[in-house]
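Input: a single structure, listed below in structure tokens.
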Amino acid sequence: MKTPRRIAAFFHRDAETRALREEMQLHLELRARKLHQAGHAPAAAGFAARRQFGNAAVYQDQISAIWGWNVWERFLQDLRHGIRMLVKAPGFTAITVLTLALGLGINTAIFSAVNAVMLRPLPYPQSERLVSLWEENTHPQDQRFSSSGTPVGAGGPLGRTTVSVANLGDYRACAAFEGLAAFDSSAANLTGMGTPERIPGEAVTWDFFSVLGVLPAEGRTFLPEEDRPGAELVAIVSHEFWQRRLGGAPEALERSLMLDGKPYRIVGILPAGFQSPESIGLKTPTEVFRTASYSSDSLGNRGDHDVNVVARLKPDVSVTAAQAALSAISVSLGKQFPGTNRYFRAAIAPLRDDLAGSVSQSLWALLGASGLIVLIACVNVANLLMVRAAGRRHESSVRMALGAGRLPLMRQLLTESLVIAVAGCVAGIALGRLLMLGLTAIAPPGIPRIESAGMDWRVFSVAAVIALSTAVIFGMAPAWQASQVKPVEALKTAARGTGGASQVRWRTALTVAELALSLILLVGAGLLLRSFSTVMGVKLGFQTDRVIAMNINLPQLRYPGGDARWQFFQKLEDRVHALPGVVAVATANRMPMRGGWSSGIFVEGDMENEYSPDFQAVSPGYFETLGIPLLRGRSLTLQDDGKSVPVAVVNQAFAHQLLHDRDPIGHALLRGPGEPRIAIVGVVNDIRRKGKEGQIKPEVYLSAGQTALYPVRLADFAVRSAGDPHALVNAISREVWAIDKDQPVTNVQTMDEIIDEAAAERRFQTLLLMIFAAVAVALAIVGIYGVLTYSVSQRLSELGIRVALGAPPRAIVGLVLRQAGMLIAAGIALGIAGAYGLTRFLQDLLFEVKATDWHAYACAVALLAMVAVIAALIPARRGARVDPAVALRQE
Amino acid sequence: MSAAKREEIPPGTLEMLILKTLARNKPLHGFAIAEFILETSSGVLQVEEGSLYPALQRMLLKDWISGDWAKTEENRRARYYSLTGEGRKQLARELDRYARVSQAIAAILQPV
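Going line by line, the protein sequences match chains A and B.
Going by my numbering, the first residue of the first sequence is number 237, and it counts up by one from there.
Going by my numbering, the first residue of the second sequence is number 25, and it counts up by one from there.
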């Protein structure tokens, strides 16, 4: 109908009402005058005029209804009344609003993180069509290695690897893709612009930017002919690089950059804020992109899996359909190239999900936990509303006795809940913002996009919907209850101030629910805590204290081969070893927990089974620096160089799994038929290379002096010091520059720092879940305390009679505690059932702990029962102290 | 009071009567509308005069009439109602409906 007019009239309704009154007044006067003229006495005329007119008040009401004002008026009336009642009870209002705000705040904070990390689209056009592509090694032998020990959550599917360059062309031919590009991080030594620096870079195929749908802001993207070995060297730089290092000058295009000792012409500058999939979530975004220019060697080698792949699906092609097409290609490649491809299958997943990776599981679990907190908060608020409704039974029954309908009464109470919900929502969102700041501050590094968590329409509407549904669902119970008041009975009992047995029943049920919900959270927190302490207790197998590691990436141009690199590091080892406070030095391709290399290998005499252990190329000082004990045979020495026979040291797991516990010394390894024979000369202790949550894998340690034989680059340097290893960093850097003044030293970290960082995500999720459980228990305690206090106050006269009849205080305490015990037992029983159902969703986050671990259940039950009984003791003792005279006088 | 026997206005016809009244006159205020209906029907049709006002408001909301404040001859403020275009169409519709209904009633009442 004419809604705008109604609304406009609503705001002028006072003026309209006045105008109507004036019209009606005029009418009455004119009629009275007419009647007077017809011969009535003036008083009689006025009276007759009014009778003829009818009840003006009723007509005014009708007019209000015509304009639809009454609905609004009534709502505003309810609202005013509600706000007045809430202001009159500031304690009640503060507690309810705070409870709601706490629940909503926690939920809002976690949801905004979930939103930032997993729900918001990636910053690329039509990013929902982007998928990440990888290869999975389905080799049965590797499966056997991986399944030794409990599966771990973090780390993605077993056997996942990056993609072989040679397979790229075959995947590109897949009809499901509009485009497919490969990229790989490839930091560059930047020289000729002040101190040599290593800057984050990527090597990408020429179509990388067009697959992502991003065009350079200045200049152009790469051309196909630039993505070939021997082509002109070109680079595209980030906006930030251009601003910071090139001063944002427009003539930066076409300028040349010295990267790894070679000049690169800048052909494009990316738009501000561009993040490649590789650098999303990193504090150091990629600054320079170069063409991958794969050599014909790598284009022909299907056995090395080196590059990341992003692909864009054609419109209307689903991930499932694309996966099916891709699997067919993998199978046919497996038939064509059984040697390399038999066990490898390409797999895809939406890029966004893949980037969120392992953290999405913990975020979902935390979101679920925060949902439970919202529920507990709601139950608490419902509980508080019930108390309040009970306190106002008298008011309700008087109003009903005076003719108020049940509906208006319920509407009044619901409006009050709504006021509370809106206040709670506002406070909750404010609190949520604060908590979010805290959350992003303590969040472990490497959660993509969490730093950009903030309020957007999704976060806001989720909070609003939760708050409003709280108001309706949990305001409904007390409102319904109040409307069921039988005025006569209520007025009779009102004198005694009782709320009736149904009140106690309702509130008992709510408290049981609260206890059950908090038990679920406690069990969850317990499981994570046990996992955390298990992880912390894991022995790495090497000593991390007082060891500092750094990356010294020698550019190919200056150090073309393995021998040149080894010469550099040998020189460096000698110089650093001579520094005071240095105990041992080591060079390797990668130090533990800093990446690694794995490759196929055969044991001499068994060319049937190919294995893929981890490979390290290490200098003789490696085992001493990391404190890895030698168990049998000999260690590597400086004599194991290019002029002597290739040798290797293996670990126990290698001996166990690949040699079936035969003595490794005397055995030899081959990287393939016709490849040089690598003699095993020693056995060292097992270590967990990938950190505490990683598994012990078979390891092969090759000699750093023989790396010319293998596709591996020495790049990591580590020092064990007598004191604080940080104190040595400057001295070590000086020694590096004394050998080569253009050589950057990067990624300097102590082993302890690395371990700490690796534990950060687990610590984060455990800490948060423990905080949640604490909040839940606190809310539940408030609930149980409230319901028992209430029930004691209800039974005051009964308890008074008992005391008067000679019941000792202990008996009274026992009476109340028995009631509490029933409640707690029911809550715990329900909670155990709930936890059993829900904690299985945590399984992936647990480390060597089952979701049904009885320790966690027992601790949670004991803890909850203990605090609940303590909370119950206070009202119980109050009941025992009741003065029978006072209690009976109340009767 | 008039000597004629007074009758309640049949339900549903008040709005039609008001529309017709306004169609036959210059803008009128509420009292004048009531008077006009009373006089034109020779005192037979009697409104409970107050009920005129909810009806007028309803018609204002539906845009059938418009109301403008002006002074009466005695210099009192009053709202003068007049027909809008929409009101004219509504009047035609109501007259049409009324004619059909009364014809139907007449047909039934006709002696065989």
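Where is the CB? At the ideal position from N, CA and C, for every residue including glycine.
- By the Cβ neighbour-count rule, E63 of chain B is exposed, with fewer than 16 other Cβ atoms within 10 Å of its own.
- At least one CB of chain B lies nearer than 8 Å to the CB of A292 of chain A.
- Bridge partners of A1071 of chain A according to DSSP: none are assigned.
- Take Q70 of chain B, set aside five residues on each side of it, and the residues of its chain with a beta-carbon closer than 8 Å to its own are R30, E31, E32, I33, L62, in chain order.
- In the displayed model, H248 of chain A falls within coil according to three-state DSSP, outside both helix and strand.
- The contact set of E73 of chain B on chain A, defined by CB atoms closer than 8 Å, consists of H263, R267, Q288, F289, G290 in chain order.
- When beta bridges are read from the DSSP output, W303 of chain A appears opposite no residue.
- In summary, F247 of chain A is exposed, with fewer than 16 beta-carbon neighbours lying within 10 Å of its beta-carbon over all protein chains present.
- The region 471-485 of chain A makes contact with the region 498-515 of chain A, as at least three CB pairs between them are under 8 Å.
- In the structure shown, P486 of chain A falls within a helical segment according to DSSP collapsed to helix, strand and coil.
- In the structure shown, the three-state DSSP call for H276 of chain A is coil.
- M827 of chain A sits buried, since 16 or more C-beta atoms from the chains shown fall within 10 Å of its C-beta.
- DSSP links H541 of chain A through a beta bridge to A:S400.
- By the rule that beta-carbons nearer than 8 Å mark a contact, L256 of chain A touches chain B.
- From the beta-carbon of W303 of chain A, the residues of chain B found nearer than 9 Å are Q81, L85.
- Under the Cβ distance rule, Y1026 of chain A does not count among the residues neighbouring chain B, no pair being separated by less than 8 Å.
- In the three-state scheme derived from DSSP, where H, G and I count as helix and E and B as strand, L675 of chain A is classed as helix.
- Of all residues in the region 113-130 of chain B, none comes within less than 7 Å of chain A when Cβ atoms are compared.
- If you keep only unbroken alpha helix (DSSP H) runs of at least 4 residues inside the region 824-884 of chain A, you get 858-862.
- Remark: C-beta atoms of A820 of chain A and E860 of chain A approach each other more closely than 8 Å.
- At least one beta carbon of chain A lies nearer than 8 Å to the beta carbon of F55 of chain B.
- Within the model, the alpha-carbon separation for R925 of chain A versus L874 of chain A is close to 24 Å.
- Nearest to Q1079 of chain A by alpha-carbon distance, out of A:R588, A:Q597, A:G466, is A:Q597.
- The C-alpha of G455 of chain A lies about 17 Å from the C-alpha of D463 of chain A.
- About 10 Å separates the Cβ atoms of T344 of chain A and A700 of chain A, ruling out a contact at the 8 Å cut-off.
- At a C-beta separation below 9 Å, Q273 of chain A has no neighbours in chain B, since its nearest C-beta there lies roughly 12 Å away.
- Check the Cα spacing between A713 of chain A and each of A:L675, A:L338, A:N619: the tightest is with A:N619.
- Just measuring C-alpha positions, the residue of A:I923, A:S1027, A:V615 sitting nearest A752 of chain A is A:V615.
- Residue pairing from DSSP places D952 of chain A in a beta bridge opposite A:N787, A:A824.
- Note on geometry: alpha-carbon atoms of A1056 of chain A and A1104 of chain A lie some 8 Å from one another.
- For chain A, the residues of the region 88-117 of chain B that bring a beta carbon within less than 7 Å of one of its beta carbons are R100, R101, A102, R103, in chain order.
- Close CB contacts of L764 of chain A within its chain, under the 6 Å cut and outside five residues either way in sequence, are with T1002, L1005 (chain order).
- Within chain A, the C-beta atoms nearer than 8 Å to that of P78 of chain B come from Y295, Q298, I299, I302, in chain order.
- Using beta-carbon distances, E750 of chain A does not count as an interface residue toward chain B, since no partner is under 8 Å.
- The bridge partners DSSP lists for D92 of chain B are B:Y104.
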